[in-house]
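Here the structure comes first, spelled out in structure tokens, and everything after it is commentary.
Here it is, written out as structure tokens:
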């Protein structure tokens, strides 16, 4: 069958079976003869006689075979392209470039995407040297509009997908900038070209860093972008403000002169635009300013970055008198429909106001309060809602003491609006109460203010799902924050309200729908009540437990009916059922943890239900992890008694461990950790089986790399649980640790850096567990001390590792443990200067917690004892 027919069937045929068959045929062709597949598709892309949709799909399919979000697959795709002979690739590239000239805009767009995908592979290899010259030449003034547009789009795509530090592409930065600025300037007659040029500018800003550092070029770029903000075309204006926001985010240090000369007025005028998109982008500019200045404030307080040249020009504070009134007025431009969650000017203004409050602190308070007072009693719902939104938006940033007095005054009129006739007002009131509870809870007098707030929230739980969801969030914040302030853990601030709150939340959680996450929020609120409950609340907690177990049982019945064909459920109904089961399981998990060892009376019933639920899960189940969490809670609560369930549970756990491509494997490894801690040496009979499975996974080069750190840490937990019995696994595990601690990042990405941190932290945890487990067997550890101390020097020399509180505490604790174990055997390591410096670091730095400092002090004492032993010999 001709490939264009296959493409047409794959995208346009109304028969699903025909579409799927066409997709399968295309996939087979790609796998059997990749070069032929690409050649046929590119021919279709360049064939002006074919339908637009067919040509687009052809280009898309080729592009998707050249690039991927998965780094490993992307590398494999690049290698496959590189292996195609040069002459064939040149033919493919010629057609792709020629298609950029097409008058069919959608086809040219697809060609631009394909050219960028090829460029991403070839330009870093110094291949396709003529590409950038050709594209830049296509942007000259005399070229047709469609050619300029497509070429600028291609430049934008190339810059967006490539490494801005790549020296090959950097060499084209001047030409890229010339092409873009030429297309964006006001002299360009085509609006389409100007818009595309501005989009390309946003994608290329990191590439033109050297150009931006040169004042003359920087001035011209800023002039072109600023001119675009005053265009008669709203879409061009919005793009220009978006460009200014990105320029600000990348080149803040250069912006002072431009703020003074133009940007203050331009952006404030942009915020007043009658076009919502323009106003949103102008607001976004000021949000960006605030975010940068907040980052500068944080960096100035950081020991590691305090010496760097971070200077804030306080643009937000200077502009506050002009920007704040406009922001407050924009709060009244809400969407008409409560169900309309489309981003709008009012939402952008509220988000920006929150950032201004964090950045300028007390300076926002009085002007905002004046706005609140003027509008909270208005007959216009938009003004009432805006007043409440404004008040809630300034609660994070200003001085808490100043806010406390203001909240005391403002609360009564605010929570009275929970019964407002307008739903949007009620929703914002419930959100504002949640913000107060989250950020300034000490402003709420438990005796006088809490009762009317609880009344308002109980009423809100019966309202529209959006209002109910916010009320649940407020209850969660109140419960967590107020109980965190209590001095006596046996007292629960909420105890007197629970007889009313729990039935209201149980009623909401019994909803058959989960509109706006109201049902899930109700379960989360119930969980918070359980976690913070006092002993005197146990009868009510038992009520929640009984209801939860009954609901779980009912859901199991529904699932079994569905699987046996007695009940028909569509995909959405099945997802709702699984979501409900997940909510119930999370609540039961918290109940089990709260009750603790007392749960043993009900553990048989609970484990029976959990195992029954595991038994009926299908391959696409999303709740296995929730079941494992609940089982983990039982194991932790009943300790060695959990061994009674191992024979029946072991097959499920083993199956999950072997399912290495699924997240359930990660959960299963975590559950092995919890079980080994619960069983202690009773875990020994099961250890060989688990160690075999885990060992096979971690040494398999094709397994997800994310699994390796958690398995390494698991080895440490097993070692600390079974003690000397771990000796039989010591050589193999230490070999795995050595391999891990000497490995290099797989690339220079942030993800690779994060992975290396996780891997090294896991190696450390493994050593800590092994040393703890073999504490009474120092001879077994002695030969591995060079390996362990070599790793500790890696931590000592890594700012990322040594500055992490958890890592540093574990490392100094390990140093102390080893010194204590070998207290009668002199170890030269402890006389080395780096060890002393390592242990003294906690005393010299304010970044570590008190428990970490205590651990370091204890370890320093152990070091001194070891040094004394060395000196005596």
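In UniProt numbering, the protein residues as written are 1 to 873. Don't be surprised by glycine CBs; every beta carbon is placed ideally from N, CA and C.
If you compare alpha carbons, which of the options is closest to residue i?
i	options	result
residue 699	679, 732 and 713	732
residue 379	361, 422, 51 and 407	422
residue 594	212, 638, 580 and 582	638
residue 427	469, 323, 719 and 281	469
residue 541	108, 165, 503 and 560	503
residue 825	869, 838 and 786	869
residue 199	172, 556 and 228	228
residue 327	285, 215, 162 and 460	285
residue 556	758, 614 and 834	614
residue 707	113, 753, 676 and 759	759
residue 835	857, 160, 288 and 213	857
residue 520	658, 837, 581 and 64	581
residue 647	579, 256 and 683	683
residue 780	828, 728 and 9	728
residue 618	650, 608, 664 and 631	664
residue 549	396, 187, 516 and 630	630
residue 722	343, 710, 748 and 672	672
residue 821	770, 657, 845 and 797	770
For residue i, report the span of its alpha helix (DSSP H) as first-last.
i	result
residue 560	538-563
residue 601	Note, residue 601: premise wrong, no alpha helix (DSSP H); not H, not E.
residue 179	173-184
residue 627	624-638
residue 644	Run containing residue 644: none; DSSP gives neither H nor E here.
residue 822	No alpha helix (DSSP H) contains residue 822, which DSSP labels as neither H nor E.
residue 840	833-844
residue 875	Nothing about residue 875 can be reported from this structure: the residues present for the chain run from 1 to 873 only.
residue 222	215-229
residue 110	105-122
residue 294	276-300
residue 765	750-773
residue 272	Premise fails: residue 272 is in no alpha helix (DSSP H) and is neither H nor E.
residue 437	423-439
residue 460	450-461
residue 857	850-872
residue 43	34-45
Any idea if residue i is buried or exposed, counting beta-carbon neighbours within 10 angstroms, 16 or more meaning buried?
i	result
residue 334	buried
residue 306	In this prediction, residue 306 scores a pLDDT of 48, lower than 50, which makes its location untrustworthy; no coordinate-derived value is stated.
residue 183	buried
residue 783	exposed
residue 122	buried
residue 689	exposed
residue 5	exposed
residue 311	exposed
residue 750	exposed
Quick one: what's got a C-beta closer than 7 angstroms to residue i's C-beta in the same chain, skipping five residues either side?
i	result
residue 867	830 and 831
residue 695	732
residue 168	123, 124 and 126
residue 679	640, 642 and 643
residue 474	430, 433, 434, 437 and 457
residue 66	77, 81, 117, 118 and 121
residue 533	492, 541 and 594
residue 108	99, 100, 102, 146 and 150
residue 386	331, 332 and 375
In its own chain, which residues sit with a C-beta less than 6 angstroms from the C-beta of residue i, not counting the 5 before and 5 after it?
i	result
residue 359	290, 293, 294 and 316
residue 149	192, 193 and 196
residue 35	84
residue 754	none
Output needed for residue i: all residues of its chain with C-beta closer than 8 angstroms, excluding positions within five of it in sequence on either side, in chain order.
i	result
residue 641	600 and 603
residue 854	none
residue 278	234, 237, 238, 241 and 270
residue 794	741, 760 and 801
residue 133	175
residue 605	549
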